[in-house]
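Residue numbers (mature numbering (1 follows the signal peptide of the UniProt record, and there is no 0)): -24 to -1, 1 to 246.
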């Protein structure tokens, strides 16, 4: 039987074999998509120090394969963190450590170019928090309950609206972004129910405690349709073409009513 000291040594050897060393510094490999190539989020942030200065201090980087060797020197560690873009180390910061939504209907890595696109702010902040470096500063929108993803079906359930809005903002797309406090994608047009159980809760339409919520979520059931929003099937959001390419029409996260409301024409739901 192996002695405890030998067992410890064997375990240590295995651990050390999984860590990359250079110039005496232990380097993490979390910014790499494989042992020889860095991922897009290795350079998705900006240098906090002047970029020209960073490149002068840390020359020799070749994207996406080679990190400047000076970045790995322990005596330059603090400066390297200020030059995260130059040193291919953006994903090492806390802003990139939370990961993306595992059930995201879009490919975050493939769409990293949209992280700073204002028209994609709602989508990328909701699904691609890790890829876009929004884990710390981001929108401040978080799930309080750790089981929110298992309760997605309750997001549009009138009965649980208050609870889900308070405890599962991120999962349910209830995040207030850029002054918009709507759910999911901003925009309105067709007068349709967006909650999943409007018919069951029709008795709440005129209940003072639920009237506002029912008008917002169940306008058709509550006969609150007015003006031109009478059910005409059309796209009410200008980004439908992009959303269609990224799976919005087939994503099971959104109800048919929501897909029809925002991109009815593009999703062939007319």
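Where is the CB? At the ideal position from N, CA and C, for every residue including glycine. Note that the structure is predicted; figures quoted are calculated from it, not measured.
Original post:
Is DSSP giving residue 186 helix, strand or coil here?
Top reply: Three-state result, residue 186: coil.
Original post:
In its own chain, which residues sit with a C-beta less than 7 Å from the C-beta of residue 35, not counting the 5 before and 5 after it?
Top reply: Listed in chain order, the non-local C-beta contacts of residue 35 below 7 Å within the same chain comprise 44, local neighbours out to five positions each way being set aside.
Original post:
Should residue 11 go down as buried or exposed, given a rule of 16 or more other Cβ atoms within 10 Å for buried?
Top reply: With fewer than 16 Cβ atoms within 10 Å of its Cβ, residue 11 is classed as exposed.
**OP:** Would you mind stating whether residue 120 and residue 186 have Cβ atoms separated by less than 9 Å?
**Re:** The Cβ atoms of residue 120 and residue 186 do not sit closer than 9 Å to each other.
**OP:** Taking 8 Å as the threshold, find out whether the region 87 to 103 comes into contact with the region 27 to 41 through three or more Cβ pairs.
**Re:** When C-beta atoms of the region 87 to 103 are compared with those of the region 27 to 41, fewer than three pairs fall below 8 Å, so the two segments do not count as touching.
Original post:
Alpha carbon to alpha carbon, what distance is there between residue 196 and residue 13?
Top reply: Computed Cα separation, rounded: 53 Å.
**OP:** Report yes if the C-beta distance between residue 77 and residue 105 is below 9 Å; otherwise report no.
**Re:** The answer is yes: Cβ separation under 9 Å.
Subject >> Straight-line Cα distance separating residue 174 from residue 199 >> reply: Computed Cα separation, rounded: 12 Å.
**OP:** Check whether the Cβ atoms of residue 218 and residue 108 sit closer than 9 Å, and answer yes or no.
**Re:** Not a contact, by the Cβ cut-off of 9 Å.
**OP:** Mark residue 26 as exposed unless 16 or more other C-beta atoms lie within 10 angstroms of its C-beta, in which case mark it buried.
**Re:** Counting every other CB atom within 10 Å of its CB across the protein chains shown gives residue 26 a total below 16, marking it as exposed.
Original post:
For residue 224, does the three-state DSSP call read helix, strand or coil?
Top reply: In this structure, residue 224 counts as coil in the three-state DSSP scheme.
Original post:
If you run the structure through DSSP and keep just helix, strand and coil, what is residue 137?
Top reply: If DSSP states are grouped into helix, strand and coil, residue 137 belongs with the helices.
**OP:** Can you have a look at residue 139 and say buried or exposed, based on whether 16 or more other CB atoms are within 10 angstroms of its CB?
**Re:** With fewer than 16 other Cβ atoms inside 10 Å of its own Cβ, residue 139 counts as exposed.
Subject >> Inter-residue CB distance, residue 128 and residue 224 (contact presumed, cutoff 8 Å) >> reply: In fact, because the Cβ distance is near 16 Å, the residues do not count as touching under 8 Å.
Original post:
residue 235 lies in the alpha helix (DSSP H); which residues open and close that run?
Top reply: Counting along the chain, the alpha helix (DSSP H) containing residue 235 begins and ends at 232 to 239.
Original post:
Would DSSP call residue 213 helix, strand or coil?
Top reply: DSSP places residue 213 in coil when its eight states are reduced to three.
**OP:** Please report how far the alpha carbon of residue 154 lies from the alpha carbon of residue 95, in whole angstroms.
**Re:** Confidence in residue 154 is poor, its pLDDT being 36 and thus under 50, which makes the residue's placement unreliable; the coordinate value appears in the next sentence. One Cα belongs to residue 154, the other to residue 95, and the distance between them is close to 11 Å.
**OP:** Run the CB neighbour count on residue 242, radius 10 Å, all protein chains shown included, and call it buried at 16 or more, exposed below.
**Re:** Flag for residue 242 reads buried.
Original post:
Can you name, in chain order, every residue of its own chain whose Cβ lies under 8 Å from the Cβ of residue 232, other than the five neighbours on each side?
Top reply: Excluding five sequence positions before and after residue 232, the CB atoms of its chain that fall closer than 8 Å to its own CB belong to 245, given in chain order.
**OP:** Can you give me the start and stop residues for the alpha helix (DSSP H) that residue 173 sits inside?
**Re:** Taken as a continuous stretch (DSSP letters only), residue 173 belongs to no alpha helix (DSSP H), as it is neither H nor E.
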